[in-house]
Amino acid sequence: MTSIAIPPVSYADTAARLLAWQSWGAGATTIIDCGTGPVFSLDDIPDEPHWLHYMAKLAEFARVLVFDYPGTGLSDKQEGTSWTSPELSTVIGRVLDAADVDRAVVMGAGSHSPAAVQFAVDAADRVEQLILLNPVVRFAQDEDFPDGVPPDVMASLLASVDPRSDPGEQYEDDDIAVLAPSQADDAAFRSWWVRSARRAASPVVAGAINRMVFATDIRPLLDRITASSLVVQRRDLALFGPMQGRHASQRLTDCRYVELDGADMVPFCGAASEIVDEIREFLTGDRYRGAAERAFAVVLFTDIAGSTALVTEVGDQRWREIQHLHHDAVSRVLARYGGRLVQDLGDGTLSTFSSPGQALRAALAIREAVRPIGVQVKCGLHAGEVELRGEDVAGITVHVAARVAGLAGADEILVSSTMSDLVAGAEFAFTDRGEHEMKGAHRPAARVGARVILPG
Numbered sequence: 034m035t036s037i038a039i040p041p042v043s044y045a046d047t048a049a050r051l052l053a054w055q056s057w058g059a060g061a062t063t064i065i066d067c068g069t070g071p072v073f074s075l076d077d078i079p080d081e082p083h084w085l086h087y088m089a090k091l092a093e094f095a096r097v098l099v100f101d102y103p104g105t106g107l108s109d110k111q112e113g114t115s116w117t118s119p120e121l122s123t124v125i126g127r128v129l130d131a132a133d134v135d136r137a138v139v140m141g142a143g144s145h146s147p148a149a150v151q152f153a154v155d156a157a158d159r160v161e162q163l164i165l166l167n168p169v170v171r172f173a174q175d176e177d178f179p180d181g182v183p184p185d186v187m188a189s190l191l192a193s194v195d196p197r198s199d200p201g202e203q204y205e206d207d208d209i210a211v212l213a214p215s216q217a218d219d220a221a222f223r224s225w226w227v228r229s230a231r232r233a234a235s236p237v238v239a240g241a242i243n244r245m246v247f248a249t250d251i252r253p254l255l256d257r258i259t260a261s262s263l264v265v266q267r268r269d270l271a272l273f274g275p276m277q278g279r280h281a282s283q284r285l286t287d288c289r290y291v292e293l294d295g296a297d298m299v300p301f302c303g304a305a306s307e308i309v310d311e312i313r314e315f316l317t318g319d320r321y322r323g324a325a326e327r328a329f330a331v332v333l334f335t336d337i338a339g340s341t342a343l344v345t346e347v348g349d350q351r352w353r354e355i356q357h358l359h360h361d362a363v364s365r366v367l368a369r370y371g372g373r374l375v376q377d378l379g380d381g382t383l384s385t386f387s388s389p390g391q392a393l394r395a396a397l398a399i400r401e402a403v404r405p406i407g408v409q410v411k412c413g414l415h416a417g418e419v420e421l422r423g424e425d426v427a428g429i430t431v432h433v434a435a436r437v438a439g440l441a442g443a444d445e446i447l448v449s450s451t452m453s454d455l456v457a458g459a460e461f462a463f464t465d466r467g468e469h470e471m472k473g474a475h476r477p478a479a480r481v482g483a484r485v486i487l488p489g
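Its first residue numbered 34, the sequence shown is counted upward by one per residue in our numbering.
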């Protein structure tokens with residue numbers, strides 16, 4: 034599980050209205066995060082492993098201020114909240130005042146990028162630098178802006194946010210497919226997304242927010258930005274592709290533009306570490322504390338088999354109990370075999386070992402330890418050099434291990450040919466599963482997927 038203390042929620046008392054905010058990390062640079070795209074509450078961060086991990090990585094090198102806009106999350110819910118970019122710009126300034134910060138790096142993602150841009154114009158003297166992640170420049174298509182959403186799609190979107198419409202789950206489900214497609218098949222994430230979106234904003238407030246987003250056109254503001262800026266754009270976004278970010282970078286006078294693979298508009302989903310690396314390099318000059326330290330490691334991924342169907346069958350409360358029991362079982366096994374838990378992935382884990390044999394013994398033990406819970410796991414292992422990023426690990430070895438795990442079936446432990454070669458002559462026997470192309474791994478890994486069999 035990501036190791037970071039959850040900061041307390043503070044409140045800014047402004048105009049008889051309380052604004053909830055938090056301060057993560059203690060770096061020399063202060064980032065005020067104007068939003069990740071959707072509207073979620075501060076207290077949703079610890080409940081979503083990807084978001085918590087993203088915040089922890091940012092907090093390694095910066096102090097990060099996050100907040101709930103008026104009428105949402107933990108902030109006061111008052112009638113008459115004005116959802117316009119100038120009003121939201123004022124809120125950003127009030128949060129900086131409450132945190133006793135004169136100047137900060139202003140960051141906004143997706144539909145929150147207009148508020149960040151507005152503040153960079155309204156309060157240029159308080160903006161050190163500007164960071165836009167998958168920005169929305171103009172939502173609707175126009176004669177002079179062909180890269181927006183076509184009129185027929187706009188009409189459908191506007192109808193979907195009418196608070197008088199059927200309050201079913203279809204809109205939120207469609208929302209995930211557009212904003213976080215990498216998590217669309219993760220039942221636990223879907224449950225969290227729908228629940229969190231609904232408690233963050235009432236239908237009336239959510240409708241007002243979305244109508245503001247749909248009316249966005251910040252092109253004139255971009256021309257007035259004086260701060261140096263970073264635009265990070267994923268190129269495969271469902272609604273826009275890469276064109277919105279490219280347009281923003283062309284209008285900003287002092288801009289570094291980075292385009293990454295991926296279809297998630299939400300920055301904490303998908304390869305979030307790539308985005309954090311770009312932010313770190315932009316602000317500190319070092320991509321990751323200078324050159325990344327490397328070391329040999331055995332990487333083990335576990336995944337609860339059939340998690341999507343299981344959540345539907347047992348419900349949210351029992352699923353959370355299963356996740357907790359699974360995590361405890363894995364932790365006990367890791368302690369016995371010298372493993373280190375790197376990440377709790379909700380329905381799985383990422384761990385590392387120094388010994389290939391101990392890693393295989395741990396995988397076998399984990400398979401047995403979770404059976405009393407009523408679940409089966411899929412395990413995948415690969416060994417090689419990894420990049421050490423604080424408490425995290427990265428690099429091709431991690432990617433290959435993840436893909437090996439993806440080939441496994443329920444109650445199955447699969448290893449790469451590298452792993453089976455490293456333990457040759459030990460007590461393990463393997464069944465050859467053939468060669469499997471590892472997309473992105475530059476070459477096929479021979480005999481990936483050899484099944485571990487306990488000695489006779």
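No residue lacks a Cβ here, since even glycine has one placed at the ideal position from N, Cα and C.
Contact between the stretch 80-95 and the stretch 240-253 is not established, with fewer than three Cβ pairs separated by less than 8 Å.
Contact annotation: the stretch 61-78 touches the stretch 119-135, with at least three C-beta pairs closer than 8 Å. Proximity to alanine 362 across Gly339, Ala395, Ile125 peaks at Ala395, based on C-alpha coordinates. If you keep only unbroken alpha helix (DSSP H) runs of at least 4 residues inside the stretch 132-157, you get 146-155. Beta-carbon to beta-carbon, arginine 171 and alanine 137 are separated by about 26 Å, too far to satisfy the 8 Å threshold. Distance from the CA atom of serine 144 to the CA atom of alanine 234, rounded to whole angstroms, is 15 Å.
The Cβ atoms of serine 261 and aspartate 77 lie no closer than 7 Å to each other. Assigned with DSSP and collapsed to three states, valine 169 falls in coil, not helix or strand. DSSP places glycine 439 inside the alpha helix (DSSP H), whose first and last residues are 429-440. Assigned with DSSP and collapsed to three states, lysine 110 falls in coil, not helix or strand. DSSP lists Leu293 as the beta-bridge partner residues of arginine 267.
Sixteen is the threshold: when 16 or more other Cβ atoms of the shown chains lie within 10 Å of the Cβ of threonine 335, as they do, the residue is buried. Contact annotation: the stretch 248-255 touches the stretch 163-177, with at least three C-beta pairs closer than 8 Å. The residues Val309, in chain order, have a CB closer than 6 Å to that of lysine 90 in the same chain once the five nearest residues on each side in sequence are set aside.
Residue nearest to glycine 70 within the set Ala213, Gly458, Ala157 is Ala213 (criterion: CA-CA distance). The beta carbon of alanine 304 is closer than 8 Å to those of Leu293, Asp294, Gly295 in its chain, skipping five residues each way along the sequence. In this structure, the straight-line span from the alpha carbon of lysine 411 to that of arginine 327 is close to 27 Å.
DSSP, reduced to helix, strand and coil, places glutamate 307 within a helical segment of the structure shown. With a cutoff of 7 Å on beta-carbon distance, leucine 263 and isoleucine 164 are scored as near each other.
The DSSP-derived three-state label of serine 262 is strand. In this structure, the CA atom of valine 150 is about 10 Å from the CA atom of alanine 281. Cβ neighbours of glycine 423 within its own chain (closer than 7 Å, five residues either side excluded): Glu93.
Per DSSP, reduced to three states, the secondary structure at alanine 330 is strand. The alpha-carbon separation between isoleucine 258 and phenylalanine 152 amounts to approximately 10 Å. With contacts defined as CB atoms closer than 7 Å, valine 456 and glycine 371 fail to qualify as a contacting pair. Rounded to whole angstroms, the Cβ separation of alanine 142 and aspartate 101 is 16 Å, and the two are not in contact under 8 Å.
Straight across, the Cα-Cα distance linking aspartate 208 with alanine 220 is about 14 Å. Around the beta carbon of glutamine 350, fewer than 16 other beta carbons lie within 10 angstroms, which makes this residue exposed.
Per the coordinates, the alpha-carbon of arginine 400 lies some 19 Å from the alpha-carbon of serine 453. Remark: C-beta atoms of arginine 50 and proline 119 do not approach each other more closely than 7 Å. Histidine 83 is bridged by DSSP to nothing; it lacks a bridge partner.
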